[in-house]
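Engineer:
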Amino acid sequence: MDDEENVLFGLKRMLRGKREDWNMVFACGAHEALKILPEGDFDAIISDSKMPEVDGITLLKQVREDYPQMLRLMLSGQTEKEKLVENVGLIHQYLSKPCPKELLVNTLERSFALRVILSDKNLIKLVSRMENLPSLSSTYYEMMGELQHPEPSLMAISRTIKKDLGLTTRILRIVNSAFFGLRRELTDISQAVGMLGLETIQALVLSLQIFQNLEKIEVEELNLGQVWDHSLTVAGLARNLARLEGAPGHVQSNSYMAGLLHDVGKLVLAVNIPTQYREIIRVAVDQKRPLHVAEMALLGANHAQVGAYLMGLWGLPDPVVEAIVYHKGPQKSLVNEFGALTAVHVANALAYKFHPGTPLGTPATLDLPYLERLGLQDRPRQWEEALRPGD
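For what it's worth, the working numbering labels the leading residue of the sequence shown as 702, then goes sequentially.
(1) Please report the distance separating the alpha-carbon of Q779 from that of Q1083.
(2) Pull up the CB-CB distance for T1063 and R979, whole angstroms please, since I reckon it's below 8 Å.
(3) Output the distance between the C-alpha atoms of S838 and E706, rounded to the nearest integer angstrom.
(4) Below 7 Å CB to CB, which residues in the same chain sit around L1067 once its five sequence neighbours on both sides are set aside?
(5) Please name the residue in Q1078, L1072, E754 whose C-alpha comes closest to that of C729.
(6) Using only alpha-carbon positions, find the residue among E1038, L1069, M1012 that is nearest to L815.
(7) In the DSSP assignment, what residue or residues form a beta bridge with G1040?
(8) Quickly, what does DSSP pair M775 with across the bridge? List them, please.
(9) Provide the residue(s) that pair with P663 in DSSP beta bridges, ordered along the chain.
(10) Determine the direct distance from the alpha carbon of G867 to that of N807, and round the result to whole angstroms.
(11) Got a sec? Which residues, its chain only, sit under 8 Å from V906 by beta carbon, not counting five neighbours each side?
(12) Spell out a yes or no on whether the region 794 to 812 and the region 736 to 743 are touching, meaning 3 or more CB-CB pairs, one atom from each, closer than 8 Å.
(13) Measure the C-alpha to C-alpha separation of N877 and L883 and round it to an integer number of angstroms.
(14) Between the beta-carbon of L824 and the beta-carbon of A1044, is there less than 7 Å?
(15) Could you tell me which uninterrupted alpha helix (DSSP H) segments, each at least 4 residues in length, are contained entirely in the region 925 to 989, listed from first to last along the chain?
(16) Cβ atoms of A904 and L961: under 7 Å apart, would you say?
(17) I'd like the list of long-range same chain contacts for V972, defined as Cβ closer than 7 Å, with 5 residues on each side in sequence excluded.
(18) Below 7 Å CB to CB, which residues in the same chain sit around V786 once its five sequence neighbours on both sides are set aside?
(19) Given that a residue counts as buried once 16 or more other Cβ atoms are within 10 Å of its Cβ, and exposed if not, what is F880?
(20) Let me make sure I understand the geometry here. Which of F743, L1000, L970, E922 has the alpha-carbon closest to that of F813?
(21) Return the Cβ separation of V984 and A995 in integer angstroms, given the expectation that the two are a contact with Cβ distance under 8 Å.
(22) Helix, strand or coil: which one does DSSP assign to K784?
(23) Among the candidates A1087, K1033, K713, whose CA atom is the shortest distance from the CA of R1074?
(24) Got a sec? Which residues, its chain only, sit under 7 Å from K713 by beta carbon, not counting five neighbours each side?
(25) When burial is assigned at 16 or more other CB atoms within 10 Å of the CB, is Q770 buried or exposed?
(26) Decide if E721 is buried, meaning its Cβ has at least 16 other Cβ atoms within 10 Å, or exposed.
(27) Please return the same chain residues whose Cβ sits closer than 8 Å to the Cβ of N910, not counting the five positions on each side in sequence.
(28) Within the continuous alpha helix (DSSP H) that includes E856, where are the two ends?
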């Protein structure tokens, strides 16, 4: 959907080869799109961001309200994209203009494939039995409301976080820890928000609240503190790796958020089915199998799928959900370029290498066929040297 006829004509011509696979309708402007939507059962909508009268954000907000199951993609310029990252929960995927055919088609196919995985019967059956699922607090919703303003206020977000003294204390403790390596101690949440940026603060608030929701773990083998430290490590490595590869800001932000949340599914399983999960950990350790393999064998789903399912329900961007669900086996994805999935997958393997600890089952390793598919097979040694922490 675009307000310019020549752009629509270009899209029609670009996607001509997919006419046998997809039923496509092209609308000139938001008003025409809103008239067409009730006439069909659409899987996805692609909208331009800048349009007269009704812009892309306004249109997609209406689509989310009326057709919440639809995949929502937005075409935008690079400078617009960095601003639009604030609309987490509204836009599933961003595409830069001009968008090559291969990227557009691959993005749609990846998003459709992700929804197939997250609609797996075994996964839904497993999650539907759970009584203790994490929920989002009013603090997070209030913060997200501010982030969706055209010009989010750092002070307003700081005031929102300050209302929760426990959350404020935990954020400052993390920010002043070795994970961020700041040269001076921060004593006020406003300083932290200003220094770290909105996307990092958003990721920390979300992950801290989820971990707090799931802190009553009765599985002794799974230490909450160790899982949190590992998640922080993976998040930092993933963001630094994305930066090292010259990825744009929104990819760095998605990598950080996915790194923080990639193991949330372990906590969800441990809190909800502790007896079963102890047995799964025992099998993984005794048989020297990866934990996610033992989970799949005994549950029919694994912690990556469970975590991704919940993050998908909460409307996190597709690249974040995709990175979570595939971080153990990216070869199964349709990803063909460096992004959040690659960053988190590599960061997870490096985290176990840099901090061996006591993994539950065999530690994570790199999926070399996947890296070869992306043409990155020669990069692991360089990544390790660049990201290895100093003595």
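All C-beta atoms in this analysis are idealised placements derived from N, C-alpha and C, irrespective of residue type, glycine included.
Structural biologist: Reading from the atomic positions:
(1) For Q779, the predicted structure reports a pLDDT of 46, less than 50, and the residue's modelled location is therefore unreliable. The matter cannot be settled from this model.
(2) Not quite, the Cβ-Cβ distance comes to about 18 Å (not below 8 Å), so this is no contact.
(3) Inter-residue distance for S838 and E706 is about 44 Å (C-alpha atoms, whole angstroms).
(4) V1047, A1050, P1081
(5) E754
(6) M1012
(7) Note: G1040 sits in no beta bridge, so no partner.
(8) For M775, the pairing in a beta bridge is given by DSSP as S748, Y795.
(9) For the chain, the structure presents residues 702 to 1092; residue 663 sits outside this window and is missing.
(10) 43 Å
(11) T840, Y841, M844, I862, L868, I872
(12) no
(13) 7 Å
(14) no
(15) The qualifying runs are 925 to 945, 950 to 962, 965 to 973, 975 to 987.
(16) If you check the CB distance, L961 and A904 come in under 7 Å.
(17) N833, L915, K917, I918
(18) Here V786 scores only 49 on pLDDT, less than 50, and its place in the model should not be relied on; the value that follows carries that caveat. Correct list, in chain order: E900, H951, S954.
(19) exposed
(20) F743
(21) 5 Å
(22) Bear in mind that the predicted position of K784 carries a pLDDT of just 49, short of 50, making it unreliable; the figure below should be weighed with that in mind. Note: K784 maps to helix in three-state DSSP.
(23) K1033
(24) F727
(25) exposed
(26) Around the beta carbon of E721, fewer than 16 other beta carbons lie within 10 angstroms, which makes this residue exposed.
(27) Sequence check: residue 910 is Gln here, not Asn. Around Q910: P835, L837, S838, T840, Y841, L868.
(28) A small fix is needed here, since residue 856 is Met in this sequence, not Glu. 855 to 863 is the span of the alpha helix (DSSP H), which, as asked, contains M856.
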